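Peer 1: In the order they appear, the protein sequences are chains P and F. This note's numbering puts the first sequence at residues 9 to 264. This note's numbering puts the second sequence at residues 359 to 994. Every residue, glycine too, gets a C-beta built ideally from N, C-alpha and C. These numbers were taken from a predicted model, which means no experiment stands behind them.
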Amino acid sequence: MAHNTIKLKLNIWKQANPDSAGGFKEYNVEVSPDASFLEMLDELNDNLERNSEEPVAFESDCREGICGTCGLVINGLPHGPLPKIATCQLHMRHFKDGQTIWIEPFRAKAFPIMKDLIVDRTALDRIIQAGGYVSINTGGVPDANEIAIPKEIAAEAFDAAACIGCGACVAACKNASAMLFTSAKISQLALLPQGQTERHERVEAMVKEMDENGFGACTNTYACEAECPKGVSVKNIARMNREFFGAKAKSKNLTF
Amino acid sequence: MTKLDSKIPEGPIAEKWTNHKFNMKLVNPANKRKYDIIVVGTGLAGASAAATLGELGYNVTAITYHDSARRAHSIAAQGGINAAKNYQNDGDSVYRLFYDTVKGGDFRAREANVYRLAEVSNNIIDQCVAQGVPFAREYGGLLDNRSFGGAQVSRTFYAKGQTGQQLLLGAYSALSRQVKKGKVNMVTRREMLDIVVVDGVASGVVVRNMVNGEIERYSAHAVILATGGYSNVFFLSTNAMMCNATAAWRAHRRGAYFANPCYTQIHPTCLPVHGESQSKLTLMSESLRNDGRIWVSKKQNDMRAPNDIPEEERDYYLERKYPSFGNLSPRDISSRSAKEAIDDGRGAQGQDAVYLDFRDSINRLGKDAIEEKYGNLFEIYETITGENPYKVPMKIYPAPHYTMGGLWVDYNLQSTIPGLFVAGEANFSDHGANRLGASALMQGLADGYFVIPYTIGNYLASDKPVKEDTTHAEYDKVQTEVEERFNQLLNIKGKKTVDEIHKKLGRIMWNKVGMARNEAGLKEAVTEIQELRKEFYEDVNVVGDSKSLNQNLERAGRVADYLELGELMAVDALNRNESCGGHFREEYQTDEGEALRNDDEFTNVFAWEYKSDSNWELHKEDLQFEYVKLAQRSYK
């Protein structure tokens, strides 16, 4: 393990509340290359608190890349410069001594900034609430092995279900589209037999909710897949579109 | 003195739950909408309870400090979930799962609770599959299983290394459906700061809106706490950053007994600490020990790179001390052995770490075989440490991972405060002194989907609680106390940061209330924690105000509670003059250094009643082992 440190200049987005104007503030830090990116911010905050200065507000929780709480735009890239990781899995050894780092919140119309680097992503919850489930109650369900599901179908459903709901796909998209997020849940349930009965209603309801929350359209840049910490594939978007048009063709409500 | 009544139903163990379900009173479907229930916490236990209660027709308010119910730390569970399906036809049964869990808990859990857990385990798998949880499957399309520690059958269901995530998202989807239907009022970014007890009955909670700092009140006919464990008292643990004990601790201070706080699980295979700035510890799956060999140098202060240490100078200490189980010795024993080696000055390159070496397996099976089995874990390791474990042995170290102790509950999961129920890791009920792998997820979902929805109905129908208005004077009183607590913290304006104090507490807990404890150390710990608490209230510096988003203040409040809970953990450990499971008292060991229980005196639960600061009264619940015979565990 290295015991040396690197010196960095941080330009961090500071914003008091959703309504105030924000701006970058400069901080200088010296940190061990073994520290994680968020541990660097912890250390910065500890020093600020010691001097009675206001710490930088940012969110994180599991710090293992699975809860989806953390999410920073680092030098213009959601979750930073490495592929397939969340911000919490980024380590300082990937930065050079003397480097300047720009740190911003995820930016999207549907993700209002609450304070500094914290954004409100409840729009994603509303999309799930619109139909991201199988409508069954607890109890009275068949035995788990009643329905055989081909291994590759289960695996494909799993890959879609691996989405951690961080919103990096939205932040990466120039249109701030939530198509990758929405399609991941639609795909998971469209692939599995359990999701069949509500297949059409689900895709219609979730897409409608997505649109109403101010997310943009998809223009196939694939930036979402590139920045997704779990590598959720854009194929899910294609599947969602097929599901959507299939549903519309059968819908009682033929207006779109 | 309140007598602890566990309310274990009569009858043979296999019929207790069935009989109890029949004997419990019901709330008729049309009346359920007249009852309000608060659920605090939306992990596996909380989300499943809130969803199920909403489905039944109750009006549920679900409260979480996260921005979304999907972020609770249940999401990070890797390995799997046990169930007694016997799909593998390898001799599993409800009774065997019950037996393994009681034995794994070193005979310090309640038999009746454990049996019920095993009994409903099968329903959980059915439920999750019906929700669309993508469990791993065989080529024939049926569910796959794997083996876990402490069992001789394959009963663990899994979804790659993300089982907790998939189960939580299943519960979250069920919860989301009830939110859409208006049966669950989802209240996010609120931290529960106190419980309100009116005339001895749980009436509601006082929370802080973490966005604008407003104190809010919620009242109901019953309150469920599903607020997780308290491993973060150690500062460094595998728990998430926000996991905390405040909800449970505040309930404790209001009259809920705290049971077996000293039962903490230290997981042997975590990544070691890299330095002072380390914020948390990352677990590496136990499965690595199937092919990795654990060793340290035979020499003290050996600073050589591991690959420069010749074979004859390596001490494969688990293989040496426990030849039958070797590197797959149980968690408590493996963790303690690592500590011994490091205390002896033989840690990897002078660090607090031991080697987990795949060299021999790679030579025997080939790199491809190892990559196929453990590829993603090796990747995680390299991401975090920057070292390639195919070439250099991994460095690992034990870390606090799970707390078996928690709020005392009876068979109905009701605490000593009527109307206050506790589910999941937050209660103490099912794992005794040591939890087996893949049973935390099982317990959380058992409590939430299949136990509390029944028992809470019985409470409502039998006790007919009244919902108080939040204008009741007791709410004013509690809110004032909460606000005074914040003002106190903000007005200290000292020189120490919250993290600084928390790290100090963590060091005391780790060194003296950690993997191995002794009387002298525990007594020192009690004094040191009291001194640290004094230092905290005299010299901590909390920046900002209470009327806005203030993470510094949030952390300060949690650390203040750890400073009390930590003391109780030490007191509990000091009073339990035996070794069992995760509680190892150095004075009580066999000649071979194994945990030595004292069944005559300690076949019981310690339930602590809060009296005043540093002052608790001990109540004991005797445990009966009618089905699983008390026996010494041996792994030689």
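#1: Throw me the rounded Cβ distance for the E783(F) and G586(F) pair, which I believe falls under 8 Å.
#2: Any beta-carbon of chain F closer than 8 Å to the one on H99(P)?
#3: Between Q204(P) and chain F, is the shortest Cβ-Cβ distance under 8 Å, so that the two count as touching?
#4: I'd like the list of long-range same chain contacts for D999(F), defined as Cβ closer than 7 Å, with 5 residues on each side in sequence excluded.
#5: Have a look at L527(F) and V556(F) and give me their C-alpha separation to the nearest angstrom.
#6: Going along the chain, which residues of the segment 162-179 of chain P sit with their C-beta nearer than 9 Å to a C-beta in chain F?
#7: Which of the three DSSP states is assigned to G31(P) in this structure?
#8: State buried or exposed for P113(P), treating a residue as buried only when at least 16 other CB atoms are found within 10 Å of its CB.
#9: Would L188(P) pass as an interface residue toward chain B - the criterion being a Cβ-Cβ separation below 8 Å?
#10: Once you ignore the five residues that flank G173(P) on each side, which residues in its own chain have a CB closer than 6 Å to its CB?
#11: I'd like to know whether the C-beta of L501(F) is nearer than 8 Å to at least one C-beta of chain P.
#12: Closest by CA to A798(F), which one among I439(F), T422(F) and Q536(F)?
#13: Can you pull the chain F neighbours of A43(P), defined as C-beta to C-beta under 8 Å?
#14: Just checking, does the segment 754-761 of chain F make contact with the segment 900-920 of chain F on the three C-beta pairs under 8 Å criterion?
#15: In chain order, what residues of the same chain lie with their CB nearer than 7 Å to the CB of L976(F), ignoring the 5 residues before and after it?
#16: Confirm, please, whether the CB-CB distance from I121(P) to M218(P) is below 8 Å.
#17: Please tell me whether G254(P) has its Cβ less than 8 Å away from any Cβ of chain F.
#18: Write down every uninterrupted run of the beta strand (DSSP E) in the segment 742-783 of chain F whose length is 3 residues or greater and which is fully enclosed by it, in chain order.
#19: Determine the direct distance from the alpha carbon of S40(P) to that of A10(P), and round the result to whole angstroms.
#20: What residue range does the beta strand (DSSP E) around H625(F) cover?
#21: Ignore the nearest five residues each way along the sequence and tell me which others in R71(P)'s own chain have a CB closer than 6 Å to its CB.
#22: For the candidate residues C78(P), V37(P) and C171(P), whose alpha-carbon lies nearest to that of M48(P)?
#23: Any beta carbon of chain P sitting closer than 8 Å to that of M600(F)?
#24: To the nearest angstrom, how far is it from the Cα of K518(F) to the Cα of I483(F)?
#25: In three-state terms, what does DSSP make of W41(P)?
#26: Taking S531(F) as the query, report the chain P residues whose CB atoms sit under 7 Å from its CB, ordered along the chain.
#27: If we ignore side chains and look at the alpha-carbon of each, how far apart do K258(P) and A65(P) end up?
#28: Does the distance from the C-beta atom of M550(F) to that of V563(F) stay below 8 Å?
#29: Do we get a CB-CB distance below 8 Å when we pair R115(P) with the residues of chain F?
#30: Hey, is G30(P)'s beta-carbon within less than 8 Å of any beta-carbon in chain F?
#31: So the alpha helix (DSSP H) D701(F) belongs to, where does it begin and stop?
#32: My output table needs one value for T455(F): the three-state DSSP class, helix, strand or coil.
#33: Around the Cβ of Y497(F), are there at least 16 other Cβ atoms within 10 angstroms (buried) or fewer (exposed)?
#34: In the structure shown, what three-state DSSP assignment does R991(F) receive?
#35: From the DSSP output, in three-state form, read off Q801(F) for me.
#36: Given a threshold of 16 other Cβ atoms within 10 Å of its Cβ, counted over all protein chains shown, does S682(F) qualify as buried or as exposed?
Peer 2: Taking the definition as stated:
#1: Residue numbering aside, residue 783(F) sits at position 425 when the second sequence is read from its first letter. Residue numbering aside, residue 586(F) sits at position 228 when the second sequence is read from its first letter. Going by Cβ atoms, the distance from E783(F) to G586(F) rounds to 5 Å, so yes, they are a contact pair.
#2: For this step, residue 99(P) is matched to residue 91 along the first sequence. H99(P) counts as touching chain F.
#3: For the purposes of this step, residue 204(P) is taken as the residue at position 196 of the first sequence. Q204(P) does not count as touching chain F.
#4: Outside the shown range of chain F, which is 359 to 994, sits residue 999(F), and nothing can be said about it.
#5: Within the second sequence, the letter at position 169 stands for residue 527(F). Within the second sequence, the letter at position 198 stands for residue 556(F). Their Cα atoms are separated by approximately 36 Å.
#6: A162, A163, E164, A165, F166, D167, A168, A169, A170, C171, I172 and G173
#7: Stepping through the first sequence from its first residue, residue 31(P) is reached at position 23. It is a strand residue.
#8: On the first sequence, position 105 is the one that residue 113(P) refers to. Counting Cβ neighbours within 10 Å, P113(P) comes out buried, since at least 16 surround it.
#9: In the displayed structure, chain B is absent; the protein chains listed are P and F.
#10: Stepping through the first sequence from its first residue, residue 173(P) is reached at position 165. Within the same chain, G173(P) has close Cβ partners G76 and L132.
#11: In the second sequence, the residue the question calls residue 501(F) occupies position 143. Taking Cβ atoms only, chain P reaches closer than 8 Å to L501(F), which makes this a yes.
#12: Position 440 of the second sequence holds residue 798(F). For the residues I439(F), T422(F) and Q536(F), the minimum Cα distance to A798(F) belongs to I439(F).
#13: In the first sequence, residue 43(P) corresponds to position 35, counting from 1. The answer, in chain order, is H632, G633, S635 and Q636.
#14: no
#15: Residue 976(F) sits at position 618 when you count from the first residue of the second sequence. Excluding sequence neighbours, L976(F) sits near N933, F964 and W966.
#16: Taking the first sequence and counting its residues from 1, one reaches residue 218(P) at position 210. Taking the first sequence and counting its residues from 1, one reaches residue 121(P) at position 113. It is not a contact, given that the beta carbons lie outside the stated cut-off.
#17: Stepping through the first sequence from its first residue, residue 254(P) is reached at position 246. Answer no: the Cβ-Cβ gap between G254(P) and chain F never drops below 8 Å.
#18: 752-761 and 778-780
#19: Position 2 of the first sequence, counted from the first residue, corresponds to residue 10(P). Position 32 of the first sequence, counted from the first residue, corresponds to residue 40(P). Per-residue confidence for A10(P) stands at a pLDDT of 46, beneath the threshold of 50, marking its modelled position as unreliable; the derived number appears in the next sentence. Spanning the two alpha carbons is a distance of roughly 8 Å.
#20: Within the second sequence, residue 625(F) is the residue found at index 267, counting from 1. Segment T622 to C628, the beta strand (DSSP E) holding H625(F).
#21: Position 63 of the first sequence, counting from 1, holds the residue named residue 71(P). Answer for R71(P): C96, listed in chain order.
#22: As a position in the first sequence, residue 48(P) is number 40, starting the count at 1. Minimum Cα distance to M48(P) is reached at V37(P).
#23: Counting from 1 along the second sequence, the entry for residue 600(F) is found at position 242. Yes, M600(F) counts as interfacial toward chain P.
#24: Here the question's residue 518(F) lines up with position 160 in the second sequence. Here the question's residue 483(F) lines up with position 125 in the second sequence. Cα-Cα distance, rounded: 16 Å.
#25: As a first step, residue 41(P) must be located in the first sequence, where it is residue number 33. Looking at the sequence itself, residue 41(P) is Pro, so the reference to Trp does not match. Correct three-state label for P41(P): coil.
#26: Counting from one through the second sequence, the residue named residue 531(F) turns up at place 173. Near S531(F) (Cβ distances below 7 Å), the residues of chain P are I136, G140 and Y141.
#27: Numbered from its first residue, the first sequence carries residue 258(P) at position 250. Numbered from its first residue, the first sequence carries residue 65(P) at position 57. For K258(P) and A65(P), the distance between alpha carbons rounds to 48 Å.
#28: If you number the second sequence from 1, residue 550(F) lands on position 192. If you number the second sequence from 1, residue 563(F) lands on position 205. Cβ atoms of M550(F) and V563(F): closer than 8 Å.
#29: Here residue 115(P) is taken as the residue at index 107 of the first sequence, counted from 1. Judged by the 8 Å Cβ criterion, R115(P) is not in contact with chain F.
#30: Here residue 30(P) refers to the residue found at position 22 when the first sequence is read from its first residue. Chain F, which has no Cβ nearer than 8 Å to the Cβ of G30(P), makes this no.
#31: As a first step, residue 701(F) is located in the second sequence; it is residue number 343 there, counting from the start. Start and end: R689 to D701.
#32: The count along the second sequence starts at 1 and reaches residue 455(F) at position 97. According to the sequence provided, residue 455(F) is Leu. The question's Thr does not apply to it. L455(F): helix per DSSP, three-state reduction.
#33: Taking the first residue of the second sequence as 1, we reach residue 497(F) at position 139. So Y497(F) counts as exposed.
#34: Residue mapping note: residue 991(F) aligns to position 633 of the second sequence, counting from 1. DSSP places R991(F) in coil when its eight states are reduced to three.
#35: On the second sequence, residue 801(F) is found 443 positions in, with the first residue counted as 1. Here Q801(F) sits in helix by DSSP.
#36: Within the second sequence, numbered from 1, the residue matching residue 682(F) stands at position 324. Exposed: under 16 other Cβ atoms inside 10 Å.
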